[in-house]
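Q:
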Amino acid sequence: MKYVFLFCQKLQLTQSFAIFLMVVFSTNLACKEQSQTLVLAGSTFSVCSSSNLKSCKNNTKILGKKHRLFTITSAKINQINSRWPNNNSVTKLETFNSLTALHPKSTSPMTKAELLWLWRDINNEELSRLTDQEFDFLFDMLETHQLDNDGERLKEQVNTELNNESATNNILQFVSGSLKVNNAKPTMLAITASSRDPYESADVAQSLLAQSNISTQWLALTPALAKAITSNSCDKLPALRNTLMNVYNREAIYPDRTNAEYALCKSGTNALVSLIKSSTGVMFNSGNAALTHKILFDQNNNPYPWTQVLQTRPVIVGEGAGAAIQSKVTGMLTNTTSLEALRKSETNANAGGLGSFNLGVLDTQFSEQNRTFRLAAALNKNEVKNTKTEIQHGFGIDENTALVVIKSPEGSLITVIGKSGVVHLANQGKAQPNSKSYSYSYWPTGSVIDITNNTFTLSDRTISQALPAIKIPPLPVQRFGAILTNSKLRSLTQAMCLSQEQSAVAQQDEFIISLTATSDTQYHRINAKEFGCALSNLELAIKSI
């Protein structure tokens, strides 16, 4: 059986998705020994839809909901006045006057941009003074219900076959194959709790795997539902949406979704747990990880009855924040840049993730948003607040890329699929005054990583299949400036890898970053893509000047 398990792993780790799908179905029963597959994407899937035509081949138009529409009516103005979300009476009155002045100009439904331009003409200063809560409240209340020709709710439509980003399809294809390996007729539950408006996000989430004939159901597990179902207060769902999610009037815009949420609430906790337990996989969308935390843990940070069942699904997929929340540790990787993390020299790491990923801490949109040193900051503190978890390893996933973890009692493997690559950081523990150093590795798509005794090494299989090195000029002898902008750190390390460079120096403001090859450093060209060179154990040191 051990041979069968390894064989199954190799099938799932192949770069040829066509071969993967053809062969893996025939070995479905043999691969049952595999316990879980995590597919953790570094960003929201770039999907062709009626509201996202820029992701469609040849700008093909897709019928369906294109955007939110808004109208100003006397009834809506009165509702806004009576349901104002806070005690700011001055802004409330000012908004009432602005909407009254806008009313005659709102003769037909408008897009958000059109409404904002009209509002700016009336009172631009008042609009800029609105808090996030007030702004969201107003536009939720002004939104109008859209119907199709049959009188049904107009839905955003998805066609993944028209995606112009092939990496997205590669990842979705891998997800589909993983589900079918675990179950001949798999089911997927889509969770959109990371969105402020999870009802709006449900249409796309539920459609992602439609072309793969995977039965996908939207799971109405929202922060409001989690609170209501555990406190026997399902009739208070509208109010809980307001207070816990800062979302309003959704029952008027997405009645089918809010009705599903109410029905799930009334079915009770045991039914919710059973529904999750019967699914082959769950998918967490991108957005705000703090919102997803609210469906996993109560106000005292205790897990909900369904949290452990979610954690143990055979296949777990996460996009962006939905990937980051899979780690046990969350909190430090929001609203912070690398430069801010360096200057603070501290982390606010907290327990609070689902914990399906137990190898370290995760960050997303990694190279594109220059997040290396905010991830590094998470490794500077030995123990995380409110837990005994030690952070030794960090993993940064690039956009349109997925880190795949295949876990089994026999062992675990990592592979990278999609467009670019994954950064692995480890704290070297050789900190000197005003200086810190890390081991930096970059695993391009197609890499397979062996995990042994909490160490991560590029597999012999990957190295043996590496492309021949290419001859490029050595790097110029200079200090590379503004290194934490425009993905420059990734570009520099890739140039070092391709040129077999032994050292480089860069700078960002008051910080000097040194990159040095050691006796443990290895360079291997894994694929011919722009970021296809694998680096292992490059020393990354930073000091202030």
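For the sequence shown, the numbering used here assigns the number 71 to the initial residue and increments by one for each residue that follows.
The C-beta atom is built at its ideal place from N, Cα and C for all residues, glycine as well.
Being a predicted model, the structure only gives us computed values, none of them experimental.
Based on the DSSP output, what are the partners of phenylalanine 367 in its beta bridges?
A: For phenylalanine 367, which the question treats as bridged, DSSP gives the partners Pro373.
Q: Compute the Euclidean distance between the alpha carbons of threonine 377 and threonine 107, then round it to the nearest angstrom.
A: Going by the C-alpha atoms only, they are around 17 Å apart.
Q: Go through its chain and collect everything with a Cβ distance to serine 397's Cβ below 6 Å, but skip five positions before and after it.
A: These residues qualify, in order along the chain: Gly423, Phe427, Val431, Leu432.
Q: Considering valine 547, what are the terminal residues of the alpha helix (DSSP H) in which it resides?
A: First-last for valine 547: undefined, no H or E at that position.
Q: Kindly give me the distance between the Cβ atoms of alanine 254 and threonine 262, rounded to whole angstroms, as I take these residues to be in contact under 8 Å.
A: 27 Å between Cβ atoms; not a contact.
Q: To the nearest angstrom, report how far apart leucine 91 and valine 251 are at their CA atoms.
A: Unreliable placement is indicated for leucine 91, whose pLDDT of 36 sits below 50; no coordinate value is reported for it.
Q: Going by other Cβ atoms of all chains shown within 10 Å of its Cβ, with 16 needed for buried, is alanine 604 buried or exposed?
A: Counting Cβ neighbours within 10 Å, alanine 604 comes out buried, since at least 16 surround it.
Q: Residues bridged to glutamate 389 by DSSP?
A: The partner list for glutamate 389 (beta bridge, DSSP) reads Ala111.
Q: Does DSSP put phenylalanine 443 in a helix, in a strand, or in coil?
A: Helix.
Q: Check whether the segment 350-361 touches the segment 384-395, taking contact to mean three or more Cβ pairs, one atom from each stretch, closer than 8 Å.
A: Segments in contact, yes.
Q: What does a CB cutoff of less than 8 Å around proline 543 pick up in its chain, not counting 5 residues either side in sequence?
A: The residues are Ser569.
Q: State the start and end residues of the unbroken beta strand (DSSP E) segment that holds arginine 413.
A: Per DSSP, arginine 413 belongs to no beta strand (DSSP E); it is in the alpha helix (DSSP H), 408-414.
Q: Please report how far the alpha carbon of leucine 380 lies from the alpha carbon of leucine 314, in whole angstroms.
A: Each residue's Cα considered, the two are about 21 Å apart.
Q: Measuring straight from C-alpha to C-alpha, what distance separates asparagine 370 and alanine 171?
A: Using only the alpha carbons, I get a separation of about 46 Å.
Q: Does the beta-carbon distance from alanine 587 to leucine 608 come in below 8 Å?
A: Contact: yes.
Q: Per DSSP, what kind of secondary structure is asparagine 523 in: helix, strand or coil?
A: It is coil, neither helix nor strand.
Q: Using 8 Å as the cut-off, can you tell me whether the segment 284-298 makes contact with the segment 307-321, which would need three or more C-beta pairs spanning the two stretches below that distance?
A: At 8 Å Cβ cutoff, the stretches touch.
Q: Would you identify the three-state DSSP class for serine 614, choosing helix, strand or coil?
A: The answer is strand: DSSP assigns serine 614 an E or B state.
Q: Any idea what DSSP makes of glycine 464, helix, strand or coil?
A: Note: glycine 464 maps to strand in three-state DSSP.
Q: Please report the residue range of the alpha helix (DSSP H) in which glycine 655 lies.
A: The first residue shown for the chain is 71 and the last is 615, placing residue 655 beyond what the model contains.
Q: DSSP on valine 528, reduced to helix/strand/coil?
A: The question names valine, but residue 528 is leucine in the sequence shown. The answer is strand: DSSP assigns leucine 528 an E or B state.
Q: Give me the Cα-Cα distance between serine 511 and leucine 429, rounded to the nearest whole angstrom.
A: When rounded, the distance between both Cα atoms is 15 Å.
Q: In angstroms, rounded to a whole number, what distance separates the CA positions of histidine 363 and tyrosine 374?
A: Whole-angstrom Cα-Cα distance: 11 Å.
Q: Which same chain residues end up closer than 7 Å to tryptophan 203 when comparing Cβ atoms and leaving out the 5 residues on each side of it in sequence?
A: Looking at the sequence itself, residue 203 is glutamine, so the reference to tryptophan does not match. Here the set comprises Pro155, Asn156, Asn316.
Q: Would you decide whether glycine 488 is buried or exposed? Buried here means 16 or more other CB atoms lie within 10 Å of its CB.
A: So glycine 488 ends up on the buried side.
Q: DSSP three-state call for cysteine 335: helix, strand or coil?
A: Looking at cysteine 335 - three-state DSSP - the assignment turns out to be helix.
Q: Contact check, isoleucine 461 vs valine 399 under 8 Å by CB: the rounded distance?
A: Right, the Cβ-Cβ distance comes to about 6 Å (below 8 Å), so this counts as a contact.
Q: With DSSP as the reference, please indicate the residues paired to glutamate 609 in a beta bridge.
A: Note: glutamate 609 sits in a beta bridge opposite Ser509, Thr586.
Q: Tell me, to the nearest whole angstrom, how far the beta carbon of threonine 286 is from that of cysteine 118; I am working on the premise that it is less than 8 Å.
A: Not a contact, Cβ separation roughly 17 Å.
Q: Would you kindly work out how many angstroms separate the C-alpha atoms of lysine 306 and leucine 366, rounded to a whole number?
A: For lysine 306 and leucine 366, the distance between alpha carbons rounds to 20 Å.
Q: Name the one or two DSSP bridge partners that alanine 260 has.
A: Its beta-bridge partners are Trp288, Met353.
Q: So, serine 116 versus glutamate 235, is the Cβ gap smaller than 8 Å?
A: Contact flag set, yes.
Q: Please report how far the alpha carbon of glycine 390 lies from the alpha carbon of alanine 260, in whole angstroms.
A: Going from the Cα of glycine 390 to the Cα of alanine 260 covers about 14 Å.
Q: Leaving out five residues on either side along the sequence, give the residues of the same chain with a beta carbon under 6 Å from the beta carbon of serine 606.
A: Counting only Cβ-Cβ distances below 6 Å, and skipping sequence neighbours, we find Ser511, Leu528, Gln592.
Q: Just the C-alpha distance for isoleucine 241 and aspartate 530, rounded to the nearest angstrom, thanks.
A: If you take the alpha carbons of isoleucine 241 and aspartate 530, they lie about 24 Å apart.
Q: Taking buried to mean at least 16 other C-beta atoms within 10 Å of its own C-beta, is histidine 594 buried or exposed?
A: Buried, by the Cβ-count rule.
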